[in-house]
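Please read the structure below before turning to the comments.
Numbering (UniProt numbering), first residue to last: 1 to 210.
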């Protein structure tokens with residue numbers, strides 16, 4: 001059944017609603033990630049998704065709401081990838097350099113697997129609105145807590161200087177986001193392993209600085 005017909009006839013349900021949300025997310029990813037958030041209209045989005053505007057408004061209310069949902073999805077994928085590395089059975093057997101490299105390899109692979117996702121997550125969210133800025137700020141704080149905990153474990157293993165690294169971690173998180181935005185803007189895509197190498201060097205430099 002056509003999605004619009006299904007909604008109008010009441011033939012909806014959890015699965016249909018999930019399918020509609022996925023259509024809207026994919027349409028937003030294509031339009032925001034290829035043409036840019038500022039150049040995307042609600043009409044264009046709904047046409048791309050094959051969903052009536054009233055349904056879009058029920059699900060996301062605004063283009064900003066959809067942008068936040070996309071950013072949240074990409075960021076969550078990145079966090080899960082990094083957490084999985086931390087939970088790997090052999091992670092404590094690695095050298096500090098190998099452990100940090102594995103973490104960033106997983107993170108970069110997760111957030112750049114689709115160039116459109118990288119552009120949305122690191123470029124298109126910048127300067128949109130106070131609500132989007134606040135959403136991104138909360139994610140930065142989440143990443144600060146994640147890396148701060150990882151740094152504390154490194155200090156406990158004697159792999160990092162025994163000092164308060166929180167300021168270093170804040171600088172690192174902001175720099176990671178800036179580097180990811182830089183690479184996402186480039187017309188020629190950087191190799192994930194090169195990006196990961198840059199982030200690894202940055203993290204190790206901050207952790208081992210006297």
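Just so you know, even glycine gets a beta-carbon here, dropped at the ideal spot from N, CA and C.
#1: Quick check on the burial criterion: 16 or more other C-beta atoms within 10 angstroms. Buried or exposed for residue 53?
#2: Assign residue 173 to buried or exposed, taking buried as 16 or more other Cβ atoms, counted over all protein chains shown, within 10 Å of its Cβ.
#3: Tell me which residue opens and which closes the alpha helix (DSSP H) that residue 165 is part of.
#4: Pick from 112, 59, 111 and 181: whose alpha carbon is nearest that of residue 18?
#5: Helix, strand or coil for residue 131, going by three-state DSSP, please let me know.
#6: Express the C-alpha separation of residue 30 and residue 187 in angstroms, rounding to a whole number.
#7: Among the residues of its own chain, which have a CB less than 6 Å from the CB of residue 77, if the five just before and after it don't count?
#8: Does DSSP put residue 136 in a helix, a strand or coil?
#9: Once the 5 residues before and after residue 206 are set aside, which same chain residues still bring their CB inside 6 Å of it?
#10: Indicate whether the contact test is met: 3 or more Cβ pairs, each with one atom in the stretch 101-119 and one in the stretch 159-167, closer than 8 Å.
#11: Can you look up residue 60 in the DSSP assignment and give me helix, strand or coil?
#12: Less than 7 Å separating the beta-carbons of residue 28 and residue 70?
#13: Could you have a look at residue 126 and say whether DSSP puts it in helix, strand or coil?
#14: Alpha carbon to alpha carbon, how far is residue 26 from residue 42? Give it in angstroms, no decimals.
#15: What distance in whole Å lies between the Cβ atoms of residue 132 and residue 176, which are believed to be in contact at a cut-off of 8 Å?
#16: Which class does residue 19 belong to by DSSP, given the choice of helix, strand or coil?
#17: Do you know offhand how far residue 146's Cα is from residue 129's?
Working from what's here:
#1: Around the beta carbon of residue 53, a 10 Å sphere encloses fewer than 16 other beta carbons of the protein chains shown; the residue is thus reported as exposed.
#2: Residue 173 should be labelled buried.
#3: Neither: residue 165 is in no alpha helix (DSSP H) and is coded neither H nor E.
#4: Put simply, of 112, 59, 111 and 181 the residue whose alpha carbon is nearest the alpha carbon of residue 18 is 59.
#5: Note: residue 131 maps to helix in three-state DSSP.
#6: Approximately 17 Å between the Cα atoms of the pair.
#7: Once the five neighbours on either side are set aside, the close Cβ partners of residue 77 are 110.
#8: Of the three classes helix, strand and coil, the one that applies to residue 136 here is helix, per DSSP.
#9: Taken in chain order, the residues that qualify are 168 and 172.
#10: Counting C-beta pairs with one atom in each stretch, the stretch 101-119 and the stretch 159-167 have fewer than three that are closer than 8 Å, which means they do not touch.
#11: For residue 60, the three-state secondary structure derived from DSSP is helix.
#12: Contact: yes.
#13: Assigned with DSSP and collapsed to three states, residue 126 falls in coil, not helix or strand.
#14: Near 14 Å, if we compare the C-alpha coordinates of residue 26 and residue 42.
#15: Cβ-Cβ separation between residue 176 and residue 132: approximately 19 Å, too far for a contact (criterion under 8 Å).
#16: It is helical.
#17: For residue 146 and residue 129, the distance between alpha carbons rounds to 26 Å.
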